[in-house]
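Residue numbers for the sequence shown follow the numbering used here, so the first one is 313 and each next one is one higher. Virtual Cβ for every residue (Gly too), placed ideally from N, Cα, C. Each remark here refers to the structure printed beneath this line.
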Amino acid sequence: MKTFEGGAPYDQCITGESRSRDRGIGRAIALALAEAGADVAVNYVSHEHEALDVSKTIEGFDRRSVAVQADESQAAEVMRSVKTIEQDLGEIDILVNNAGIARSTTIDTITEQDWEEVLTTNLTASFLVAQAVLPSMRRKKWGRIINISSTAAIASL
């Protein structure tokens, strides 16, 4: 296993869809980690082609990569995706929680269903994935969990 400067081991799990070849926080993070020497797992919910494109670009850096389909707001899907990543790349050392959605509406017009979807995607998913990878990080006495949000998170409803 390669290490970053200072000897820290790494395998990464990037959450969030890779919706575009040319933009997106998750894509940029995945490629930056690969350029730094990391093997990277790319999660997607429904944009398989884009996730596979990011994964293929990562492999161009001579790094291993896997694109994994999972709705990370569902505990069973999180456990399945983490198992797949660990089988393909090894235990996850760095988790980047990047999944997020927003609704262009106001507090008085948002539906309860839309509200629940925002909460489960933006909060529950990060909680579930962190909970799934934390045991191996604790066992190794090393790991990093990075939670990312958009500036939309501070906008008023």
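Closest by C-alpha distance to E429, out of R376, S462, A348 and A411, is A411. Where A442 is concerned, the enclosing alpha helix (DSSP H) starts and stops at A437 to K452. Sorting A340, M449, T423 and I404 by C-alpha distance to the C-alpha of T369 places A340 at the top. In the DSSP assignment, V380 falls outside any alpha helix (DSSP H) and lies within the beta strand (DSSP E) extending over S377 to Q381. Residue environment analysis places E360 among the exposed positions, since fewer than 16 neighbouring C-beta atoms fall within 10 angstroms of its C-beta.
If you draw a straight line from the Cα of I419 to the Cα of G402, it is about 43 Å long. Between L446 and I422, the alpha-carbon positions lie close to 34 Å from each other.
Inter-residue distance for T433 and A353 is about 19 Å (C-alpha atoms, whole angstroms).
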